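Working notes for the structure below.
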Amino acid sequence: MYSSVVRLQNTFGFFTTVAFVVASLVSLSDFLSARTPTVDLLKTTSLQVVKGRPHYYSSKKEEYAIIKFSLDADLSSLFTWNTKQVFVYVTAEWPSLGSQNNTNQAVIWDKIITAPSSDHLANIGPIERKRLKKSAGGKPIDPSRGKLQLKNQRYKYQITHPSGRIASQEDVVLKLHYNVQPWVGILTWNQEQTWGKWQALKGAASKKFALPALKKKDEGKKNKTTRT
């Protein structure tokens, strides 16, 4: 009954119980920290619709949209001592034809913002890693992390549609999203309602806009003839 194996099992069971309790307390501590993310500016700066192959592996030509935007957001309150990294991304959304409930959504830009304690996990070069360590100054929380000031930001991904047509699409909106990945606990996404000290993301959507029509080759030739 009191063999070495039984004592080892009891010790291991006690250790896992303590570890689970500590992990639960660490996870619950996130709710004690206020989250007040805000977006002061999110707007488009350049719109273009082109017909071609958006990717090298595309089998056929299709219409795809190219969007540039400006963004001014403060997500620094999402970083606590339990934050590993924050995944931020911007989507373009527009309603589906013939349906009021379905919405098309496409990611045009994303970024992973690491906390000082997880900079060593980031897939970045030595110069950028040195800059991050310098900005943190050895602190577990860097107040400058999560402050995004982008002007005329170039897209990362073009927008396409299964139908192959996207020109002249109306009621398009840009939206900012985030996903907080903690060291211990569950993943949390951008919220539309306030939960205690966690405030809803304000100003996350841009004004509605319409994608431009596709330029025809004949129009381009006429413009050149007029100029000459």
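For the sequence shown, the working numbering gives the first residue as 22, with consecutive numbering after it.
Note that the Cβ used here is the ideal one computed from N, Cα and C, for glycine as well.
Every value quoted in this text rests on a predicted model; they were computed, and no experiment measured them.
Can you give me the C-alpha to C-alpha distance between residue i and residue j, rounded to a whole angstrom?
i: K228; j: L195; result: 8 Å
i: T57; j: L96; result: 8 Å
i: F36; j: S45; result: 14 Å
i: K72; j: Y199; result: 31 Å
i: K245; j: I180; result: The pLDDT assigned to K245 is 48, lower than 50, so where the model puts this residue is not dependable; a value taken from the coordinates is nonetheless given after this. For K245 and I180, the distance between alpha carbons rounds to 29 Å.
i: Y178; j: Q214; result: 29 Å
i: K172; j: L99; result: 23 Å
i: N125; j: D192; result: 11 Å
i: T135; j: Q174; result: 20 Å
i: A55; j: V111; result: 23 Å
i: T47; j: K132; result: What sits at residue 47 in the sequence shown is Val, not Thr. Answer to the nearest angstrom: the Cα atoms are 26 Å apart.
i: Y176; j: I129; result: 6 Å
i: W210; j: V109; result: 10 Å
i: G185; j: R74; result: 10 Å
i: S79; j: A188; result: 19 Å
i: K155; j: L208; result: 28 Å
i: T101; j: D140; result: 14 Å
i: L253; j: I145; result: Here the chain has residues from 22 to 249 only, and residue 253 is not among them.
i: Y23; j: T38; result: 21 Å
i: G159; j: I148; result: 17 Å
i: I87; j: R152; result: 31 Å
i: Y77; j: W216; result: 45 Å
i: R150; j: S25; result: 48 Å
Of the residues the options, which one's Cα is nearest the Cα of residue i?
i: L235; options: A40, V39, F52, E83; result: E83
i: L53; options: K218, P233, P203, L222; result: K218
i: P203; options: L232, T38, F41, L49; result: L49
i: L118; options: P183, Q106, I207; result: P183
i: N103; options: L222, K168, V43; result: V43
i: Q170; options: L62, A221, W216, T38; result: L62
i: K105; options: Y77, I87, D51; result: D51
Among the residues of its own chain, which have a CB less than 6 Å from the CB of residue i, if the five just before and after it don't count?
i: K64; result: S91, S227
i: A127; result: A113, I180
i: K242; result: Residue confidence for K242 is low, a pLDDT of 49 falling below 50, so the modelled location carries little weight and cannot support an answer.
i: V60; result: A94, L197, G224, A225
i: A143; result: T135
i: F41; result: none
i: D239; result: The pLDDT assigned to D239 is 47, lower than 50, so where the model puts this residue is not dependable; a value taken from the coordinates is nonetheless given after this. So the list is empty, once near-sequence residues are dropped.
i: P233; result: L68, V70
i: Q212; result: A221
Our contact map puts residue i next to residue j with C-beta atoms below 8 Å; I'd like the distance itself, whole angstroms only.
i: T66; j: K89; result: 5 Å
i: Q190; j: A231; result: 7 Å
i: K138; j: P164; result: A small fix is needed here, since residue 138 is Ser in this sequence, not Lys. S138 to P164, Cβ: 15 Å. No contact.
i: V201; j: V107; result: 5 Å
Exposed or buried, residue i, counting other C-beta atoms within 10 Å across all chains shown (16 or more means buried)?
i: Y85; result: buried
i: L34; result: The displayed chain sequence assigns Gly, not Leu, to residue 34. Result: exposed.
i: T32; result: exposed
i: R28; result: exposed
i: Q30; result: exposed
i: R166; result: buried
i: W115; result: buried
i: T249; result: In this prediction, T249 scores a pLDDT of 47, lower than 50, which makes its location untrustworthy; the coordinate-derived value is nonetheless stated afterwards. T249 comes out exposed.
For residue i, which residues in the same chain have their Cβ closer than 8 Å to its Cβ, ignoring the five residues on either side in sequence?
i: K168; result: A94, D95, L96, S97
Using C-beta distances below 7 Å, list every residue in its chain close to residue i, excluding the 5 sequence neighbours before and after it, in chain order.
i: N123; result: S117
i: T247; result: Note that T247 scores 48 on pLDDT, short of 50, meaning its location in the model is unreliable and no value can be drawn from it.
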